[in-house]
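Novice: At position 665 of the sequence shown the residue is numbered 664 (numbering that gives the first Met the number 0), and the sequence of numbers has no breaks.
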Amino acid sequence: MGIKLKAIIFCCFILLILVFSFIYNVNCLKRIIDGGKVLVITNQMLGDILQARRYEKNFILRGSMEWAEITKGYMRKLTTELEGYKKNSPAKENREDINLLLRQRDLYLDEFDKYVEQYKNSTLRPESNILIDTGREMERICAKMGDKAQLFVEHSTLNIGRSQIIVLIISFLLGLTAFFVIMRTIIKPINGLQKICNDITKNGIFNSENMAITEKQLNVFHAKGEISKLMQAYFEMLLKYNAQLKTVNAEIQESYAIQVVLDKLLSLSLEDISLEEMLEKTLDIIIGVPWLSLEFKGGIFLADNEKRALVLKASKNFAAPLLVNCANVPFGKCLCGIAAQTGEIVFRNKIDADHVIGFENMPEHGHYCVPIKVSDGRVIGVLNLYIAHNHRFGEKENDFLLAVSHLLVGVIQRKKAETELAQAYKQLKQTQAILIQAEKLNVVGTLSSGVAHEVKNPLAIILVGLEYLIKRFGKQEKNVDFVLTEMSVALERADGIIKGLLDFSRVSELNIRDNDFNAMLEDSLKLVKYEMQKKKISFVKDIQQNILCVKFDKAKMEQVLINLFLNAVREMEEGGIITVKAYIKTLKLGAPGVGRRSVDLFKAGEDAFICEVKDTGPGIPDDVIDKVFDLFFTLNREKGGTGLGLSIVQNIINLHKGKIWIANNEPGPGACITFMLKTEQIKEGLR
């Protein structure tokens with residue numbers, strides 16, 4: 000065999016090995032390319048799923064049908080992408096993942112269609128757990144499919160490396176020339192890529208900051224040849240995928256953080272706390288969000304639409320002057336007023352001409368003023384948040400604050416409804432108690448009148464007879480004087496009760512005229528002055544100057560004051576102070592007997608005459624304070640109390656269409672009885 004023939008055979012043998020190696024490598028590279036395509040398709044599917052969930056959140060928060068259609072469009076787009084995945088899928092076992100993803104997509108679309116129908120029918124309910132779980136399951140399946148494709152690519156890459164090592168060994172035995180050619184054109188780029196892939200796998204593909212690529216490794220991609228270009232394209236594809244995945248992860252984390260804040264706000268509405276407490280906690284949650292660039296101060300206003308003004312209900316770190324100046328802000332005034340008037344978010348990153356409420360040497364700052372408005376556009380409040388001077392406007396901040404304001408609408412309305420319901424229930428119980436008491440008093444009054452008239456005359460005869468017996472036989476027989484005196488005292492006590500019953504039965508008749516309140520007060524004091532002096536009780540009078548004359552039944556009102564004074568005197572055995580305070584006041588919701596319904600005695604916003612009689616005695620035990628106006632109830636029976644005085648007082652005030660109540664002094668000892676009359680019974684004075 001000649002040298003030429005040997006050379007030809009040698010070259011053919013080398014060529015055969017090279018052809019076999021080339022075919023094998025091309026097949027592996029084709030599988031790598033298919034795996035890369037699958038990675039791209041998986042990335043697209045994951046991105047579409049995340050975009051669909053993002054628009055789903057926007058639809059839930061803002062209710063736009065356009066976003067609902069976009070959400071469905073992204074989900075339908077999965078069908079085309081899955082066909083591409085089937086075509087390029089490197090393994091048959093991935094068919095199960097494809098079918099599972101299709102089923103989850105169909106389940107997601109069905110649940111989302113139900114949610115859209117509820118929105119159209121105005122029967123929107125909280126976001127479905129099925130919708131959330133299905134979306135997360137699709138993300139998991141898609142990530143799993145991507146991981147499989149990644150593993151397949153890495154496995155194919157490893158196969159290429161192994162095959163080239165074999166080729167290197169054979170080529171080295173056959174000739175240095177073939178070895179260097181193969182090293183330069185195939186093995187060197189592939190080994191470089193394998194090293195990079197191993198580094199990526201070791202350090203984590205989902206964190207590009209951990210990938211350290213040396214200059215030597217980068218030179219692999221600058222080598223000539225189609226394989227080097229292919230490797231360069233593959234690595235660039237990995238970097239792009241990693242960047243996209245990083246962006247998607249950041250968006251998911253932001254969405255989760257927003258959802259956590261919204262969940263906290265929703266849970267507040269379920270706590271058994273007042274509206275003001277709930278607003279304070281809401282403010283703490285919002286300004287405490289770490290990824291929002293907010294100062295740790297702000298406030299929440301509620302709107303008084305009748306007065307066209309905002310009322311400060313909750314604040315955090317407000318300067319002292321602002322607590323006064325911002326207590327009531329008219330619509331259209333300053334930034335919060337503008338937000339309330341326009342119904343739009345007001346953003347200012349510095350103090351400008353619209354910021355009219357302030358104070359001297361106020362630090363530079365900015366504001367987000369977010370209106371809280373219901374579906375009909377009516378503003379029910381404003382959320383005021385502080386930002387740093389020259390802070391840049393952010394769309395994500397704006398969208399988040401809009402979502403918070405939409406959530407606060409339902410929370411505030413629910414709390415207001417709970418408060419109004421509790422107040423209505425309380426007023427219902429009070430009205431029911433008044434009706435029951437009135438019925439009792441009516442029956443007792445009828446019986447009292449008859450019993451008093453039937454018993455009073457016999458008692459009078461007995462008393463006259465006892466006086467005669469005391470004078471005739473008191474000093475002649477031993478103990479007769481004592482017995483007769485005790486009988487006389489008992490009969491006088493019975494006579495006092497009968498007089499009280501008569502007063503009680505006659506209280507239904509009033510003779511209302513103009514009367515000087517001060518003069519009537521002085522007349523009443525004269526009758527109890529002796530009792531007060533005996534117990535060293537002083538008297539303090541605090542009468543508003545413009546109260547000169549009031550329309551009432553003078554005799555009955557004197558009876559009211561005398562009963563109240565005597566009741567206080569009995570309680571203060573060691574001396575004390577009785578204070579009478581009378582004034583005119585504009586009523587607010589929450590005060591006894593004050594409401595907005597037709598059945599309420601007094602209406603919020605109207606003026607009323609109020610008289611307070613306060614003592615410094617021991618007060619009334621909390622367990623019996625609700626019974627003090629009950630007929631025959633007394634804590635001082637051993638001191639001569641009959642249990643009729645306060646019942647008569649309440650009956651007289653009710654006949655004047657007024658309201659009376661009692662409370663222990665806080666702070667300090669004693670109790671205070673307050674009664675209230677309508678302002679149409681009050682004049683500025685006799686002219």
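Here a beta-carbon is modelled for each residue, glycine too, at the ideal position from N, C-alpha and C. Please read these numbers as outputs of a predicted model, since none were measured by experiment.
Would you call the segment 563-579 and the segment 601-608 touching, i.e. three or more CB-CB distances under 8 Å?
Specialist: no
Novice: Once the 5 residues before and after Val593 are set aside, which same chain residues still bring their CB inside 6 Å of it?
Specialist: Counting only residues of its own chain and dropping the five nearest sequence neighbours on each side, Val593 has a CB closer than 6 Å to the CB of Leu586, Phe601 and Ala603.
Novice: In the segment 601-633, which residue ranges form an unbroken alpha helix (DSSP H) of at least 4 residues, counting only runs that do not cross its ends?
Specialist: none
Novice: Considering only C-alpha positions, which residue in the set Thr418, Ala242 and Ile285 is nearest to Asp262?
Specialist: Ile285
Novice: Which class does Phe516 belong to by DSSP, given the choice of helix, strand or coil?
Specialist: The DSSP-derived three-state label of Phe516 is helix.
Novice: Going by the CB atoms, is the gap between Leu130 and Phe151 shorter than 8 Å?
Specialist: No, these two residues do not count as a Cβ contact at 8 Å.
Novice: Please state whether DSSP places Ile318 in a helix, a strand or coil.
Specialist: First, the residue type needs correcting, since residue 318 is Ala and not Ile in the sequence shown. Coil, per DSSP.
Novice: Please identify the residue among Val410, Thr133 and His388 whose C-alpha is closest to the C-alpha of Ile379.
Specialist: Val410
Novice: What residue range does the beta strand (DSSP E) around Thr585 cover?
Specialist: Gly575 to Thr585
Novice: Please state if the CB of Glu275 and the CB of Ala302 are separated by a distance shorter than 8 Å.
Specialist: no
Novice: Please classify Asn510: does DSSP put it in a helix, a strand, or coil?
Specialist: coil
Novice: Are the CB atoms of Gly336 and Lys372 within a distance shorter than 8 Å?
Specialist: no
Novice: I'd like to know if the segment 19-30 and the segment 96-116 are in contact, where contact means that at least 3 CB-CB pairs between them fall below 8 Å.
Specialist: no
Novice: Which same chain residues, not among the five before or five after Gly134, have their C-beta less than 8 Å away from its C-beta?
Specialist: Ile48, Ala51, Arg52, Glu55 and Tyr107
Novice: Identify the continuous beta strand (DSSP E) that holds Leu291 and give its terminal residues.
Specialist: DSSP places Leu291 in no beta strand (DSSP E); its state is neither H nor E.
Novice: Would you please state the rounded distance, in angstroms, between the beta carbons of His655 and Phe551? I believe it to be under 8 Å.
Specialist: 6 Å
Novice: For Gly331, count the other beta carbons within 10 Å of its own beta carbon; 16 or more makes it buried, fewer makes it exposed. Which is it?
Specialist: exposed
Novice: Evaluate contact between the segment 382-390 and the segment 351-368, counting only Cβ atoms and requiring at least three cross-stretch pairs below 8 Å.
Specialist: The segment 382-390 makes contact with the segment 351-368; the number of CB pairs closer than 8 Å reaches 3 or more.
Novice: Which residue comes first and which comes last in the beta strand (DSSP E) that contains Thr673?
Specialist: Counting along the chain, Thr673 sits inside the beta strand (DSSP E) bounded by residues Ala670 to Lys677.
Novice: Kindly indicate the opening and closing residues of the alpha helix (DSSP H) around Arg391.
Specialist: Arg391 -> no alpha helix (DSSP H), and no H or E assigned at all.
Novice: Could you spell out where the alpha helix (DSSP H) holding Val559 opens and where it closes?
Specialist: Lys553 to Glu570
Novice: If we ignore side chains and look at the alpha-carbon of each, how far apart do Thr418 and Arg377 end up?
Specialist: When rounded, the separation of the alpha-carbon atoms in Thr418 and Arg377 is 21 Å.
Novice: State the Cα-Cα distance for the pair Ser537 and Ile511, rounded to the nearest angstrom.
Specialist: 31 Å
Novice: What do you reckon, are the CB atoms on Gln543 and Ala590 nearer than 8 Å?
Specialist: For Gln543 and Ala590, no; Cβs fall outside 8 Å.
Novice: Nearest by alpha-carbon distance to Glu156: which of Arg347, Asp33, Lys280 and Asp513 is it?
Specialist: In the sequence as presented, Glu is not what sits at residue 156; that position holds Thr. With respect to the C-alpha of Thr156, the residue from Arg347, Asp33, Lys280 and Asp513 having the closest C-alpha is Asp33.
Novice: Taking the alpha carbon of Val37 as the reference point, which residue from Lys533, Gly83 and Thr79 has its own alpha carbon closest?
Specialist: The shortest C-alpha separation from Val37 is found at Gly83.
Novice: For Ser266 and Met277, which I take to be in contact (beta-carbon distance under 8 Å), what is that distance rounded to the nearest angstrom?
Specialist: Not confirmed; about 11 Å, so no contact.
Novice: Closer than 6 Å by C-beta to Glu611: which residues in its own chain qualify, once you throw out the five before and the five after it? Chain order, please.
Specialist: Lys580, Cys671 and Thr673
Novice: Would you kindly work out how many angstroms separate the C-alpha atoms of Gly287 and Leu264, rounded to a whole number?
Specialist: 12 Å
Novice: So, are the CB atoms of Pro320 and Phe358 less than 8 Å apart?
Specialist: yes
Novice: Going by other Cβ atoms of all chains shown within 10 Å of its Cβ, with 16 needed for buried, is Ile22 buried or exposed?
Specialist: exposed
Novice: Closest to Ala308 by C-alpha separation, out of Lys296, Val648, Cys325 and Glu250, would be which residue?
Specialist: Ala308 has its Cα closest to that of Cys325, out of Lys296, Val648, Cys325 and Glu250.
Novice: Taking C-beta to C-beta, are Asn545 and Gly644 nearer than 8 Å?
Specialist: In this structure, Asn545 keeps its C-beta atom at 8 Å or more from the C-beta atom of Gly644.
Novice: Can you tell me which of the three DSSP states Ala423 falls into?
Specialist: helix
Novice: Closest by CA to Tyr424, which one among Asp599, Glu294, Leu334 and Asp398?
Specialist: Asp599
Novice: Could you tell me the distance, in whole angstroms, from the CA atom of Asp398 to the CA atom of Asn389?
Specialist: 20 Å
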